Structure formats: structure tokens, C-alpha cells
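Visitor:
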Amino acid sequence: MSREVWITLVVLVVLVAGAAVAFGAPHVLSDYFVRIILLIALNAILVLALSLSNGFTGVFSLGHVGFIGAGAYISGILSIPVQQKMALLPHLPTFLHAFSLPFLPATLMAGLLTALLAVVVGYPLMRLSGYFVSVATMGFLIIVNVVLINASDFTRGARTFTGVPLETTLPWVMGWLAITVFVLARLVYSPFGRAMKAVRDDTIAASAVGIGVLRTRLIAFVIGAFFSGVGGSLYAHYLGSFSPNTFYFALTMSLITMLVLGGMGSLTGAVVGVICVSLLSEVLRSVERGFTIGDFAVPALFGASQIVLGFIFILVMIFRPKGIMGDRELTFGLTQRSATVNQTEERKP
Numbered sequence: 000m001s002r003e004v005w006i007t008l009v010v011l012v013v014l015v016a017g018a019a020v021a022f023g024a025p026h027v028l029s030d031y032f033v034r035i036i037l038l039i040a041l042n043a044i045l046v047l048a049l050s051l052s053n054g055f056t057g058v059f060s061l062g063h064v065g066f067i068g069a070g071a072y073i074s075g076i077l078s079i080p081v082q083q084k085m086a087l088l089p090h091l092p093t094f095l096h097a098f099s100l101p102f103l104p105a106t107l108m109a110g111l112l113t114a115l116l117a118v119v120v121g122y123p124l125m126r127l128s129g130y131f132v133s134v135a136t137m138g139f140l141i142i143v144n145v146v147l148i149n150a151s152d153f154t155r156g157a158r159t160f161t162g163v164p165l166e167t168t169l170p171w172v173m174g175w176l177a178i179t180v181f182v183l184a185r186l187v188y189s190p191f192g193r194a195m196k197a198v199r200d201d202t203i204a205a206s207a208v209g210i211g212v213l214r215t216r217l218i219a220f221v222i223g224a225f226f227s228g229v230g231g232s233l234y235a236h237y238l239g240s241f242s243p244n245t246f247y248f249a250l251t252m253s254l255i256t257m258l259v260l261g262g263m264g265s266l267t268g269a270v271v272g273v274i275c276v277s278l279l280s281e282v283l284r285s286v287e288r289g290f291t292i293g294d295f296a297v298p299a300l301f302g303a304s305q306i307v308l309g310f311i312f313i314l315v316m317i318f319r320p321k322g323i324m325g326d327r328e329l330t331f332g333l334t335q336r337s338a339t340v341n342q343t344e345e346r347k348p
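Residue 0 is where the sequence shown starts when you use numbering that gives the first Met the number 0, and the numbers rise one by one after that.
(1) Along the chain, which unbroken stretches of the alpha helix (DSSP H) at least 4 residues long are found entirely within the region 109–182?
(2) In the DSSP assignment, the alpha helix (DSSP H) including ARG214 goes from what residue to what residue?
(3) Give me the residue from ILE317, ALA207, GLY230 with the minimum Cα distance to LEU103.
(4) Please identify the residue among ILE255, ALA150, VAL119, VAL172 whose C-alpha is closest to the C-alpha of THR33.
(5) Using the three-state DSSP reduction, which class does ALA299 fall into: helix, strand or coil?
(6) Buried or exposed for GLN342, going by 16 or more other Cβ atoms inside 10 Å?
(7) Taking its Cβ as the centre, do 16 or more other Cβ atoms sit within 10 Å of VAL64, making it buried, or is it exposed?
(8) Determine the closest residue to ALA40 out of VAL180, GLY228, THR154, with distance taken between C-alpha atoms.
(9) Candidates VAL259, SER304, PHE310, PHE225: which alpha carbon is nearest ALA114's?
(10) If we ignore side chains and look at the alpha-carbon of each, how far apart do LEU111 and GLY162 end up?
(11) Leaving out the 5 sequence neighbours to the left and right, which residues in its chain are closer than 8 angstroms to LYS321 when beta-carbon positions are compared?
(12) Once DSSP output is grouped into helix, strand and coil, what is the label at THR56?
(13) Are the CB atoms of PHE318 and PHE241 within a distance shorter than 9 angstroms?
(14) Looking only at DSSP bridge pairs, what is PHE241 linked to?
(15) Assess contact between the region 216–224 and the region 118–130, defined as three or more Cβ pairs (one per stretch) separated by less than 8 angstroms. Is contact present?
(16) Of all the alpha helix (DSSP H) runs that stay within the bounds of the region 179–208, which reach a length of 4 or more residues?
And the structure:
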């Protein structure tokens, strides 16, 4: 069987295991551990969406959190119950006051509308390369933040946006993670995926052999934005209340640290980075609150998690710029086995 088929089989096995965790964990684990698993899975969706452009097309975007924020607010506006919407957002257009969408349709609308926004934003920005596109996408993030603060009729401005139904559960997040992993794995290990890597490695050579650089980058950017919007909706329905600063530089640096630590050229690496940073952040939050060892009391160290993650990011960039996984994927030896089988079959008369 081909490498792509083996990758698909590995992905499906992982997804089945994820489904078992999603439905079994709440009955076995405490609420604390269920919350940790949920946040890891949610961050995995966000980092995988970011990796599509940052890791596979060579466009280092600093603006994907803008799509996450847009998805969160879109889903929130569409899903708040009508009576609450009238009280919390009295100046909304009449047609938005008249209905309230269930969780799933609101999430799909958030993904589709952020993808549409990515088409508008990405068409000019994907023509840029190097540091220019990073700065430009950061500018997009700043614009989104300013719009969210000033469009108070829709977002309540700098005040907390509240009233979003708490619909995000572990099965929902694991289900969307399954869809994200499956779609991105099939995309990355397809002819289009090879085109993305060619564009990442050498845009001039890719263009010379007939690969549309702008088209390839834009498609990857839009697909990543769709899953960012979906992740934003899941985030919104998990928190219930949030503000524009929830989706700004702190979240941007956290997601980029996860991606860089795991490996930008690997879907597996993205997930590994999420697990490492999420678990480390949880430990550091305990340190921030202070703790006692015997008779010795360690005072609260506020901001310790951000400081440590910043140091880790710097060290990874210096000593292992390709991250833990680099460009490699965890396939549990299946691709090598398939290659051996193929070679054996070719030698047969």
C-alpha cells in the first residue's frame, strides 16, 4: 500500500483512540483531568490550523489568532439566546436579534465566515514572503483587535462578552480534532501537499515547474483559517465569557511556542508541542500560586509560566530550530513496513 494509505490508517487508529478517550474519560477521570485533556485537544486544533501555513507553505503567519477571535465572536453572536441577546447586545441589527443558532450550525458558520475573511485578507498578503508576510499578518491581528474593541454594538467593546452557551464538551472537541487531523493529513500527503512543500522550500523553482505559488499559499491559508474559526467557536463555548484581549498576543505566542517546539513541518510535531507546553503550563500555574516544601514556603511567582515559556522558545530556536519532530511524523513504523512490502513485491517475477 502507498504511504498515503498507511498515514490514513494511522490517523484513523488515533482517532478511534481519541473517541474512546472522549466518551470514557468523563466516567473515569476527575473533572480536573478531563479539563486538561479538553484544553490539550482544543489547542491541538488551533496549532494544527496554524501549522498548515506556517509549517507547510513557509508563510510564517502571526495573525491566525485574529481568525480565532473572529470565530469566537461570530459564534457567540449567533448562538446567544434571543432574550439574552436583546439585553446584552441591544444595538444589533434586527435580523441578528430575531434568531439563535444551535451550537453546531454556529460553529460551522464561524468557520465559513472566517474562511471568507481569509480569502479577502490572504489574497494580497500571500503575495509577500519572509519577514514581510509575518509583519503584515501581525498587522491583521492588531486590526482585528481594534475592530473588536470599537465595534461595541456587536462585541460589547472592551467589556466582557458574556452569555455564550457552555456547549463545548470533550466529545465535541475530540470530534472536531478528529476531523481536523484527518483533513490535514489527507491534504498534506497528497499532490497538493507536495506542492505546498515545494513552495515552502523554493518558490522560484516551484513556480518554474508550474506550481501556482499564490494559489497554493492562499488555499492553505484559507483552510487553516476555517479550522481556526471552528477552534474559536469551541473556545467561546468553553469559556462562556471573553474579551478582545483573550485573542491577542498572549495566545499568539502560546500557540507559536507549541508549534515551534513540536516541529513546524510535522502534524505529529504540532500535537507533541501542544501536549508538552500544555502540561508544562499547568505545572507552572501551580508554581505561580506558591507552594510549600516541608517547612519551606515558596512565595507566589506571578508570570512564571510566561517567562519560562519565553525562555523555552528562545532555547528551541537556538539549539533545535526544527523542533522536537522536525519534518518527521509518528507512523509507528508502518510506512517503513509498507515500503519493504512494496520492494518485495517489485522483486517478484
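The beta-carbon is built from N, C-alpha and C at its ideal position, and this holds for glycine as well. Since the model is a prediction, treat every value here as computed from it, not as a measurement.
Guide: Let me spell this out:
(1) 129–149, 151–154
(2) 212–238
(3) GLY230
(4) Just to set this straight, residue 33 is Val in the shown sequence, not Thr. Comparing Cα-Cα distances from VAL33 to each of ILE255, ALA150, VAL119, VAL172, the minimum goes to VAL172.
(5) coil
(6) Any reading at GLN342 must be qualified, since the residue scores a pLDDT of 45, below 50, and its modelled position is unreliable; the value itself is stated next. It counts as exposed.
(7) buried
(8) VAL180
(9) PHE225
(10) 23 angstroms
(11) GLY262, MET263, GLY264
(12) coil
(13) no
(14) PHE160
(15) yes
(16) 190–200, 202–207
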